[in-house]
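Just so you know, we're using our numbering here: the sequence shown kicks off at 115 and counts up by one. Built from N, CA and C at the ideal position, the CB exists for glycine as well.
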Amino acid sequence: MNELKEHEEIIEEHVRDLIVAILTDGVLHYPLLVESKYKIILDGHHRYHALKRLGAKRVPIFIVDYSSPNVIVRSWRPGIRVTKDMVIHVALSRKKLPPKTSRHILRGISVPRIDMPLCYLI
Numbered sequence: 115m116n117e118l119k120e121h122e123e124i125i126e127e128h129v130r131d132l133i134v135a136i137l138t139d140g141v142l143h144y145p146l147l148v149e150s151k152y153k154i155i156l157d158g159h160h161r162y163h164a165l166k167r168l169g170a171k172r173v174p175i176f177i178v179d180y181s182s183p184n185v186i187v188r189s190w191r192p193g194i195r196v197t198k199d200m201v202i203h204v205a206l207s208r209k210k211l212p213p214k215t216s217r218h219i220l221r222g223i224s225v226p227r228i229d230m231p232l233c234y235l236i
């Protein structure tokens with residue numbers, strides 16, 4: 115869990131809501147989306163923080179090759195351009211983009227629903 119690098123800030127309220135949902139359901143429905151070379155979280159920053167606060171020692175990840183043309187990055191924010199190089203640079207420099215800036219799209223790749231029981235992660 116400590117090897118993972120973040121590139122976006124989080125919204126505290128969203129983390130609190132996720133903690134409640136994970137405790138209520140007893141499972142984590144989807145793994146974090148992580149790039150293979152630097153272990154950067156591409157999607158799942160809020161899940162990552164929720165799991166950390168719940169005391170998780172492990173976190174399920176789905177690894178993708180960020181150099182693949184099937185992994186596309188866009189921005190959720192109008193007027194802001196996000197690139198793969200920007201995501202990597204920000205993560206490796208330990209800086210963070212505002213919450214919900216990057217939007218990663220997987221073409222021809224499906225992140226599986228895992229429904230991982232919380233007890234397996236703590």
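Excluding five sequence neighbours on each side, which residues of the same chain lie with their C-beta closer than 6 Å to the C-beta of His160? The residue given as residue 160 occupies position 46 in the sequence shown. Taken in chain order, the residues that qualify are Ile124, His128, Val129 and Leu132.
Can you give me the C-alpha to C-alpha distance between Asp157 and Leu146, rounded to a whole angstrom? Here residue 157 refers to the residue found at position 43 when the sequence shown is read from its first residue. Here residue 146 refers to the residue found at position 32 when the sequence shown is read from its first residue. Between Asp157 and Leu146, the C-alpha separation is close to 6 Å.
For Leu168, the three-state DSSP class (helix, strand or coil): For the purposes of this step, residue 168 is identified with residue 54 of the sequence shown, where counting begins at 1. In this structure, Leu168 counts as coil in the three-state DSSP scheme.
In angstroms with no decimal places, state the Cα-to-Cα distance between Met230 and Tyr144. Working through the sequence shown from its first residue, we reach residue 230 at position 116. Working through the sequence shown from its first residue, we reach residue 144 at position 30. Whole-angstrom Cα-Cα distance: 8 Å.
Round the Cβ separation of Lys210 and Glu122 to the nearest angstrom and send it over; I've been treating them as touching at under 8 Å. On the sequence shown, position 96 is the one that residue 210 refers to. On the sequence shown, position 8 is the one that residue 122 refers to. Lys210 to Glu122, Cβ: 6 Å. Contact.
Taking the Cβ atom as the reference point for each residue, do Ile177 and Ser207 lie within a distance shorter than 9 Å? Here residue 177 is taken as the residue at index 63 of the sequence shown, counted from 1. Here residue 207 is taken as the residue at index 93 of the sequence shown, counted from 1. The answer is no: Cβ separation not under 9 Å.
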